[in-house]
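Have a look at the structure below, then the notes.
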Amino acid sequence: MTSEPRQTITLTPDEWQAFQDQLYERDDRLERRASGTVMGHDETVDPYVLSAHAEALRSNDVDGDVWGTLEDIDETAGDEEEAWAKIVAFYLERGCVLVRVTDLDEPEDWLFTEELARRLGLTKGAAQG
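Its first residue numbered 1, the sequence shown is counted upward by one per residue in full-length UniProt numbering.
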């Protein structure tokens with residue numbers, strides 16, 4: 001796991017999968033499982049569950065609706081790359097964290113609030129489970 005400037009965290013596909021495997025959702029709250037934590041089958045997190053907690057995303061697994069998100073932030077763009085760049089800039093300016101997964105055929109980028117990223121152990125100073 002590496003950090004780039006401007007609140008960007010870069011993960012390999014294996015690190016991203018390991019991160020997702022440690023998550024659970026209980027009472028609509030996403031948490032990182034500590035060692036020995038027992039979770040119910042209905043508390044497992046897949047990319048669709050995770051997407052409900054993201055501010056925005058661009059993923060091969062889940063439709064992040066880049067154009068709808070761009071419209072929500074009152075921006076326009078000529079193509080999807082420009083649209084995503086504007087979305088990232090918008091959320092980073094508001095203190096969010098970009099998680100970028102490298103070495104994939106398609107982009108895998110997720111934007112989370114700083115508080116959620118910290119609670120889930122993605123940022124420095126986070127509680128690791």
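A virtual CB, placed ideally from N, CA and C, is assigned to each residue, including glycine.
Helix, strand or coil, according to DSSP, for residue i in the structure here?
i: residue 46; result: coil
i: residue 27; result: coil
i: residue 33; result: coil
i: residue 21; result: helix
i: residue 11; result: strand
i: residue 119; result: helix
i: residue 151; result: The chain is shown from 1 up to 129; residue 151 falls before or after that span and cannot be answered.
i: residue 5; result: Note that residue 5 has pLDDT 44, beneath the 50 cutoff, so the model's placement of it is unreliable and the number below is only indicative. If DSSP states are grouped into helix, strand and coil, residue 5 belongs with coil.
Leaving out five residues on either side along the sequence, give the residues of the same chain with a beta carbon under 8 Å from the beta carbon of residue i.
i: residue 95; result: 7, 113, 114
i: residue 73; result: 86, 87, 90
i: residue 75; result: 83, 86, 87, 90
Just to confirm my understanding: we take residue i, look at its own chain, exclude 5 residues before and 5 after, and list those with CB closer than 6 Å. What are they?
i: residue 120; result: 32
i: residue 17; result: none
i: residue 110; result: 54, 57, 99
i: residue 60; result: 106
i: residue 80; result: 66
Cβ of residue i within 8 Å of any heavy atom in the ligand GDP?
i: residue 72; result: Only the bare structure without any ligand can be found here, which leaves the ligand GDP out of the picture.
Can you tell me the Cβ-Cβ gap for residue i and residue j, rounded? I've got them flagged as a contact below 8 Å.
i: residue 57; j: residue 64; result: 4 Å
i: residue 44; j: residue 103; result: The Cβ separation is near 25 Å, so there is no contact.
i: residue 83; j: residue 66; result: 5 Å
Does the beta-carbon distance from residue i to residue j come in below 9 Å?
i: residue 106; j: residue 100; result: no
i: residue 47; j: residue 22; result: no
i: residue 70; j: residue 50; result: no
i: residue 116; j: residue 9; result: no
Report all residues from its chain with a CB closer than 7 Å to the CB of residue i; omit the five preceding and five following residues, and keep chain order.
i: residue 24; result: 31, 33, 39, 43, 44, 45
i: residue 77; result: 70, 83, 86
ask   = Whole alpha helix (DSSP H) runs in the stretch 49-96 with 4 or more residues, listed along the chain?
value = For secondary structure counted as the alpha helix (DSSP H) over 4 or more consecutive residues, the stretch 49-96 holds these complete runs in sequence order: 66-72, 80-93.
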